[in-house]
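Student: For the working numbering, add 2 to where a residue sits in the sequence shown, where the first one is 1.
Idealized CB from N, CA, C, for every residue including glycine.
Handing you a structure now.
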Amino acid sequence: MDGVGLYAQILIGMLAGWFAALALGRRHSLFTYMAVGLVGAVLGHAIAGGLDIRLVGVWGSLIAATVGSILFLAPFAIFRRR
3 MDGVGLYAQI LIGMLAGWFA ALALGRRHSL FTYMAVGLVG AVLGHAIAGG
53 LDIRLVGVWG SLIAATVGSI LFLAPFAIFR RR
């Protein structure tokens, strides 16, 4: 995450995890939001890097982390409903 400090990355990760949970209709604990958001941030930035998309700053990091978090949570949401 370019241009973002450690504490901002953690906050962005928590927000991204929360946004992903809202998008998929899930409820989790704050720790789960943080964990999902951080994994989603790594996944989102890896995908953006693979597609040669440059995301800089807070908004770019939030977008990448949210998309990555949704992609990370989607399989769990599908299997949980069955």
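Around the Cβ of V69, are there at least 16 other Cβ atoms within 10 angstroms (buried) or fewer (exposed)?
Tutor: Working through the sequence shown from its first residue, we reach residue 69 at position 67. Buried, because 16 or more other Cβ atoms sit within 10 Å of the Cβ of V69.
Student: Counting beta carbon pairs with one atom in the region 19–27 and one in the region 44–52, are three or more of them shorter than 8 Å?
Tutor: no
Student: Going by other Cβ atoms of all chains shown within 10 Å of its Cβ, with 16 needed for buried, is S63 buried or exposed?
Tutor: As a first step, residue 63 must be located in the sequence shown, where it is residue number 61. Its Cβ being crowded by 16 or more others within 10 Å, S63 is buried.
Student: Distance, Cα to Cα, A43 vs L32?
Tutor: Start at 1 with the first residue of the sequence shown, and residue 43 comes out as number 41. Start at 1 with the first residue of the sequence shown, and residue 32 comes out as number 30. Straight-line Cα distance between these residues: approximately 16 Å.
Student: Buried or exposed: where does G7 fall if 16 or more other Cβ atoms within 10 Å of its Cβ makes it buried?
Tutor: To locate residue 7, count along the sequence shown from 1; it is residue 5. By the 10 Å Cβ count, G7 comes out exposed.
Student: Would you tell me roughly how many angstroms separate the C-alpha atoms of Y35 and G15, rounded to the nearest one?
Tutor: Residue mapping note: residue 35 aligns to position 33 of the sequence shown, counting from 1. Residue mapping note: residue 15 aligns to position 13 of the sequence shown, counting from 1. Answer to the nearest angstrom: the Cα atoms are 8 Å apart.
Student: With a 10 Å radius around its C-beta and 16 neighbouring C-beta atoms as the bar for buried, classify G46 as buried or exposed.
Tutor: As a first step, residue 46 is located in the sequence shown; it is residue number 44 there, counting from the start. So G46 counts as buried.
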